[in-house]
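Protein chains in written order, with the numbering used here: chain A, 73 to 300; chain B, 81 to 313. For every residue, glycine included, the Cβ atom is placed at its ideal position computed from N, Cα and C. Just so you know, these numbers come straight off a predicted model, no measurement behind them. Just below is one structure, and these are the notes that go with it.
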């Protein structure tokens, strides 16, 4: 119970900081939009091709923006050594991890409702409300899966000088199951799912999230412990 | 110490000799494969490389758990040794696979389950080594290497399954499973040979790591490791 309230305090702190600043979310969203634009240039103005690749492009844009958001989440803690103050508080490191992880998940979830309409608009795909909600649900699972190892690695790499290179280097190969799962399922939502394969991909996304939420929660206290 | 080192070199020497014998048998004595011809003979190094590469990562996983548990420099040294040798074998595996695939499948690369998984595995563990190279403090480097190793290892089965599902809509590449008796022995000998070489290389790499770590601490007396650092070296 105590741990939940501690984790919630971390979430509230992060959301409040985000709301007061708003610079992170705006820049990350803009980055996502720019990425979507660049992808369409790679394929050319062929609308049939663009439509077919829309799911993949949308997920890639979300993934690339996520890395930016994740690395930023611990950079603010490094500024003026805020993380040391946070660790000095009588807070369980596990609660700290889950708080950070949850606030990162919420942050990443926010990307989908903005970037999806942009992608639909650019790539000329039609989607009804149910499809949109399914897509949002899928992205929520993917965001949970991304932020579990993302938070752990962001905490570690934020102390290093080469964070900008290292975080994607560590995270991208690791989250390939999330990428594949979400690309497949989002494409199925956009183009129709006659064989109802979406369940197995959803299951994959959920298992990734569950496995990494547990594993990284166990490992996080070691990553930030005294003397390291 | 010197006696232990000599013993370790025996592993390397025997491994090398066995590799020569096994490869000779594979190249000249084993029967020719019916459909692929001599191209198939690369399997006598390819399969042992694959098995031992996986074994290296599994060792690294075990050492990483021990490293988090006990914080002893030797576990960290063994972890990095196992990962480096694993990455080396993994890279060799992909190269050998491409050499075999070109005449057999007609392409250097195919998005086959095993190929894709091997490539992702290589990137995962090369990332661990990259992370390691950026961390100055030896204590922190040990813990972070162990953490990254565990996180990467758990991903391997997930990657395997998702690539399999991802591929399931396309054709699945078939591999010949029947192995004649004349082909079994070179395979067995080479597998054991590589295993011995792996043990030798991991041990040598771990020793090097311990020496480097000791030197780092000598160079920077202000950053001496806390209690429990040097006496285990």
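Alpha carbon of residue i to alpha carbon of residue j, nearest angstrom
{"i": "residue 156 of chain A", "j": "residue 111 of chain A", "result": "40 Å"}
{"i": "residue 263 of chain A", "j": "residue 124 of chain A", "result": "8 Å"}
{"i": "residue 229 of chain B", "j": "residue 127 of chain A", "result": "32 Å"}
{"i": "residue 223 of chain B", "j": "residue 292 of chain A", "result": "11 Å"}
{"i": "residue 190 of chain A", "j": "residue 159 of chain A", "result": "40 Å"}
{"i": "residue 213 of chain B", "j": "residue 232 of chain B", "result": "17 Å"}
{"i": "residue 229 of chain A", "j": "residue 235 of chain A", "result": "5 Å"}
{"i": "residue 117 of chain B", "j": "residue 276 of chain B", "result": "29 Å"}
{"i": "residue 190 of chain B", "j": "residue 182 of chain B", "result": "10 Å"}
{"i": "residue 155 of chain B", "j": "residue 176 of chain A", "result": "33 Å"}
{"i": "residue 99 of chain B", "j": "residue 243 of chain A", "result": "37 Å"}
{"i": "residue 198 of chain A", "j": "residue 168 of chain A", "result": "41 Å"}
{"i": "residue 268 of chain A", "j": "residue 261 of chain A", "result": "10 Å"}
{"i": "residue 324 of chain B", "j": "residue 192 of chain B", "result": "This structure does not reach residue 324 of chain B, given that chain B is present from 81 up to 313, and the question cannot be answered."}
{"i": "residue 98 of chain A", "j": "residue 152 of chain A", "result": "23 Å"}
{"i": "residue 286 of chain B", "j": "residue 171 of chain B", "result": "20 Å"}
{"i": "residue 96 of chain B", "j": "residue 274 of chain B", "result": "8 Å"}
{"i": "residue 249 of chain B", "j": "residue 209 of chain A", "result": "In this prediction, residue 249 of chain B has a pLDDT of 46, which is less than 50 and means its spatial position is unreliable; what the coordinates show is noted afterwards. Answer to the nearest angstrom: the Cα atoms are 25 Å apart."}
{"i": "residue 147 of chain A", "j": "residue 74 of chain A", "result": "27 Å"}
{"i": "residue 295 of chain A", "j": "residue 94 of chain A", "result": "29 Å"}
Collapsed DSSP secondary structure at residue i in the structure displayed
{"i": "residue 113 of chain B", "result": "strand"}
{"i": "residue 132 of chain B", "result": "helix"}
{"i": "residue 126 of chain B", "result": "helix"}
{"i": "residue 240 of chain A", "result": "helix"}
{"i": "residue 216 of chain B", "result": "coil"}
{"i": "residue 151 of chain A", "result": "helix"}
{"i": "residue 107 of chain B", "result": "helix"}
{"i": "residue 127 of chain A", "result": "helix"}
{"i": "residue 89 of chain B", "result": "helix"}
Closest residue to residue i among the options (Cα-Cα distance)
{"i": "residue 165 of chain B", "options": "B/205, B/296, B/292 and B/241", "result": "B/205"}
{"i": "residue 201 of chain B", "options": "A/105, A/204, A/247 and A/162", "result": "A/247"}
{"i": "residue 180 of chain B", "options": "B/127, B/155 and B/215", "result": "B/127"}
{"i": "residue 93 of chain B", "options": "B/291, B/272 and B/105", "result": "B/272"}
{"i": "residue 141 of chain A", "options": "A/78, A/86, A/180 and A/280", "result": "A/180"}
{"i": "residue 234 of chain B", "options": "A/227, A/77 and A/249", "result": "A/249"}
Anticipated Cβ contact below 8 Å, residue i with residue j, distance rounded
{"i": "residue 132 of chain A", "j": "residue 217 of chain A", "result": "That belief does not hold up - the Cβ atoms of residue 132 of chain A and residue 217 of chain A are roughly 15 Å apart, past 8 Å."}
{"i": "residue 272 of chain A", "j": "residue 245 of chain B", "result": "7 Å"}
{"i": "residue 136 of chain A", "j": "residue 210 of chain B", "result": "At roughly 19 Å, the Cβ-Cβ gap does not stay under 8 Å, so residue 136 of chain A and residue 210 of chain B are not in contact."}
{"i": "residue 223 of chain A", "j": "residue 172 of chain A", "result": "5 Å"}
{"i": "residue 84 of chain A", "j": "residue 150 of chain A", "result": "Residue 84 of chain A to residue 150 of chain A, Cβ: 20 Å. No contact."}
{"i": "residue 105 of chain A", "j": "residue 187 of chain A", "result": "7 Å"}
{"i": "residue 169 of chain B", "j": "residue 129 of chain B", "result": "5 Å"}
Could you please tell me which residues of the segment 245-265 of chain A, in chain order, have their CB closer than 8 Å to any CB of chain B?
245, 246, 248, 249, 252, 253 and 256
In the segment 97-130 of chain A, which residues sit with their C-beta less than 8 Å from some C-beta in chain B, listed in chain order?
none
Against chain B, which members of the segment 195-227 of chain A pass a CB distance test of less than 9 Å?
221, 224 and 225
What residues from the segment 279-303 of chain B come within 7 Å of chain A, judged by C-beta to C-beta, listed N to C?
none
Short of 7 Å Cβ to Cβ, which residues in the segment 198-211 of chain B face chain A?
200, 203, 204, 207, 210 and 211
Short of 8 Å Cβ to Cβ, which residues in the segment 271-282 of chain A face chain B?
272, 273, 276, 279 and 280
Return the residues of the segment 231-246 of chain A that lie within a Cβ-Cβ distance of less than 7 Å from chain B, sorted by chain order.
So the list reads 232, 234, 238, 241, 242, 245 and 246, given in the order they occur along the chain.
Using a Cβ cut-off of 9 Å, which residues of the segment 225-239 of chain B contact any Cβ in chain A, in chain order?
226, 227, 228, 230, 231, 232, 234, 235, 238 and 239
Along the segment 131-165 of chain B, where does the CB come closer than 7 Å to a CB of chain A? Name the residues.
So the list reads 148, given in the order they occur along the chain.
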